[in-house]
Amino acid sequence: MENKKYVVCRDNIYVGEVVRANSIYRYEGNDNFFRTKPGQLSTGSWRSYRSMLFVPNENKLSNDLLYRSPNYPILNVTDDETCLNLGKNSIVIKDACNLAALLEYFGYKKDLTFEDIIKIRNTFFTGRFAKDNCQLFGLKETMAEDVIFYINGKEVTNPSELERRRRQFRAEQQAGHRMFSSVSEGSLPREYWDVLDSRGDNTFMDVLKCWDEKMNAFAPHKQEGPVRKLKRF
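Counted the way the working numbering counts, the sequence shown spans residues 194 to 426.
Structure, rendered in C-alpha cells:
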C-alpha cells in the first residue's frame, strides 16, 4: 500500500512468508509436502525474510498492508507460469493463508482499515496466540501433571523426584517449550494453528539463541531494499 488511508475486504486478507527462493517448481508428490499439496508450486532452498499481511492486487501480486514494499509474486495465487518463469533467487511469498474464517469468527467486519490491520497483527501474531488459545483448534496443552516420567524404563513414583521433574517441565514450558495434543474438532481450521504460530513474533530468547534474527516477525529485511512504513496520507 502507498499510505494508511486504505479500506480492504476482510475476505481477501492473507498472511504469508517472504522468502528469497533458489528455485520454484511444481510439486508432483502423492502426499502433502508440509503446506504444499500435490500439483502446487513450491520452492527449492530458500532464505526466509519475514511475515507479511497482504491482499492480492489486480495482477494477483502482493499488496503489503503494513509497509510500502514491492508487489511480490505469491506462490499458488499469482499465475503459475509467471512464478515458474521467475529468475533464480527471486523474492516471492510462500505458504499464503487466507485469514477470512479467523477474522469472521472474531467479529471483524467486511471492510477493514489500517487500524483494523494493526489490531489483527498485534492480536494474532504475538507468537503466543495459537498456543494460548489451543482449544480453538481442537488441541489441549500437556501440563506437568499429565506427564508420566521414567528413569531407566521405570515410572517415577517417588514424590520428591516426581515434583522435581514436574518443576523442570514447568520451567521448560515457561521458556516456550510447550507440548500439545489433539483432542477434538476445533472451532477453527487446524491450518491456522501452524500458521499463527510460525508467522508470529519471536521471543528475546529465540533471538539470543540465534534461532531468529529479529523479534518483530513482520519487519522488512535489509535484503529487500528500501522498504518503508506507510505514509499517513
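Note that the Cβ used here is the ideal one computed from N, Cα and C, for glycine as well. In this text the structure is predicted, and so the values were computed from the model without any measurement.
Cβ separation of residue i and residue j, assumed to be a contact under 8 Å, to the nearest whole Å
i, j, result
"residue 296", "residue 206", "7 Å"
"residue 246", "residue 285", "Wrong, their Cβ atoms sit about 16 Å apart, outside the cutoff."
"residue 249", "residue 256", "7 Å"
"residue 233", "residue 242", "That pair is no contact at about 21 Å."
"residue 329", "residue 374", "That pair is no contact at about 15 Å."
"residue 427", "residue 392", "It is not possible to answer for residue 427, since the shown part of the chain is limited to 194 through 426."
"residue 152", "residue 369", "Shown here, the chain extends from 194 to 426; a query on residue 152 therefore has no answer."
"residue 299", "residue 410", "The Cβ separation is near 20 Å, so there is no contact."
6 Å Cβ shell around residue i - same chain, five flanking residues per side excluded
i, result
"residue 322", "389"
"residue 421", "261"
"residue 267", "255, 286, 289"
"residue 380", "329"
"residue 355", "349"
"residue 280", "none"
Beta-carbon spacing of residue i, residue j below 7 Å
i, j, result
"residue 408", "residue 394", "yes"
"residue 210", "residue 288", "yes"
"residue 301", "residue 203", "yes"
"residue 278", "residue 213", "no"
"residue 304", "residue 376", "no"
"residue 156", "residue 238", "Since the first and last residues shown for the chain are 194 and 426, residue 156 lies out of range."
"residue 334", "residue 327", "yes"
Same chain, Cβ closer than 8 Å to residue i, five either side skipped, listed in chain order
i, result
"residue 423", "194, 195, 196, 197, 259, 260, 261, 307"
Neighbour-count burial assignment, residue i, 16 or more Cβ in a 10 Å radius
i, result
"residue 430", "Coverage of the chain is limited to positions 194 through 426, which leaves residue 430 absent and any answer about it impossible."
"residue 230", "exposed"
"residue 324", "buried"
"residue 227", "exposed"
"residue 346", "exposed"
Own chain partners of residue i with C-beta closer than 7 Å, once the 5 adjacent residues on each side are dropped
i, result
"residue 358", "342, 349"
Could you pull out every unbroken beta strand (DSSP E) segment of at least 3 residues lying fully inside the stretch 340 to 415, listed in chain order? 373 to 375
Whole beta strand (DSSP E) elements within the stretch 244 to 316, 3-residue minimum: 255 to 257, 283 to 291, 304 to 306
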